[in-house]
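For the sequence shown, the numbering used here gives the first residue as 206, with consecutive numbering after it. Glycine included, every Cβ here is placed at the ideal spot set by N, Cα and C. Here is the structure we will look at, set down as structure tokens.
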Amino acid sequence: MKVKIVNTSNNALPAYETKNSAGMDLRAYLPDGPMTLEPMQRGMVPTGLYMEIPEGYEGQVRPRSGLALKSGITVLNTPGTIDADYRGQVCVILINLSDKPFVINSGDRIAQIIFARCEQAELQQVEILSETERGAGGFGHTGKQ
206 MKVKIVNTSN NALPAYETKN SAGMDLRAYL PDGPMTLEPM QRGMVPTGLY
256 MEIPEGYEGQ VRPRSGLALK SGITVLNTPG TIDADYRGQV CVILINLSDK
306 PFVINSGDRI AQIIFARCEQ AELQQVEILS ETERGAGGFG HTGKQ
């Protein structure tokens with residue numbers, strides 16, 4: 206799959222860091238200087254990237270595990286979806302779940318993007334659904350172990 210990309214930042218294009226990486230890192234593009242997220246504050250971080258994702262695919266913006274573990278920084282609408290027909294700048298909604306301010310500098314790796322197939326469903330209204338062993342059980346109904 207090929208994704209057309211316009212890069213208006215001075216950062217390198219996203220790339221897979223290892224042979225079997227699922228995602229590519231997205232970097233902040235902050236030409237006016239660093240951005241600070243206070244504890245429990247959220248903010249939209251621009252990347253300077255614009256993408257043309259092929260029809261039948263989506264871009265999924267996900268947190269970076271190291272940022273989440275070490276700094277309490279995560280993507281608020283995880284995963285964020287970039288639709289195939291979206292042509293605006295890719296931005297990332299980050300939230301600081303820590304008790305300390307977090308400074309984001311231009312070029313910092315802030316999230317990752319994964320490209321995945323997706324299909325549009327045709328909904329069929331019915332009066333009753335088929336039965337399964339699980340039924341309506343959800344939200345931890347099978348226990349902790």
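Could you tell me the distance, in whole angstroms, from the CA atom of residue i to the CA atom of residue j?
i      : j      : result
Asp237 : Gly342 : 50 Å
Gly348 : Lys275 : 30 Å
Arg339 : Leu328 : 22 Å
Pro244 : Asn216 : 27 Å
Val295 : Pro251 : 6 Å
Leu170 : Ile318 : No statement about residue 170 is possible, as the shown extent of the chain runs from 206 to 350 and does not include it.
Asp290 : Gly264 : 11 Å
Ile309 : Gln350 : 39 Å
Ser335 : Phe344 : 20 Å
Thr213 : Glu257 : 14 Å
Met206 : Thr223 : 18 Å
Leu242 : Val331 : 47 Å
Gly261 : Arg292 : 15 Å
Ile333 : His346 : 22 Å
Met240 : Ala326 : 40 Å
Glu379 : Ala220 : Because the chain here runs from 206 to 350, residue 379 falls outside it and cannot be looked at.
On the CB-based measure, 16 or more other CB atoms within 10 Å of its CB, does residue i come out buried or exposed?
i      : result
Asp313 : buried
Leu254 : buried
Leu272 : buried
Ile287 : buried
Ile278 : buried
Met249 : exposed
For residue i, does the three-state DSSP call read helix, strand or coil?
i      : result
Lys275 : helix
Are the Cβ atoms of residue i and residue j separated by less than 8 Å?
i      : j      : result
Leu302 : Val280 : no
Leu235 : Ser311 : yes
Pro268 : Ala316 : yes
Could you tell me how far apart the beta carbons of residue i and residue j are, in whole angstroms, since I believe they sit closer than 8 Å?
i      : j      : result
Phe320 : Val211 : With a Cβ gap of about 17 Å, Phe320 and Val211 do not count as contacting.
Val297 : Pro284 : About 11 Å; that fails the 8 Å criterion.
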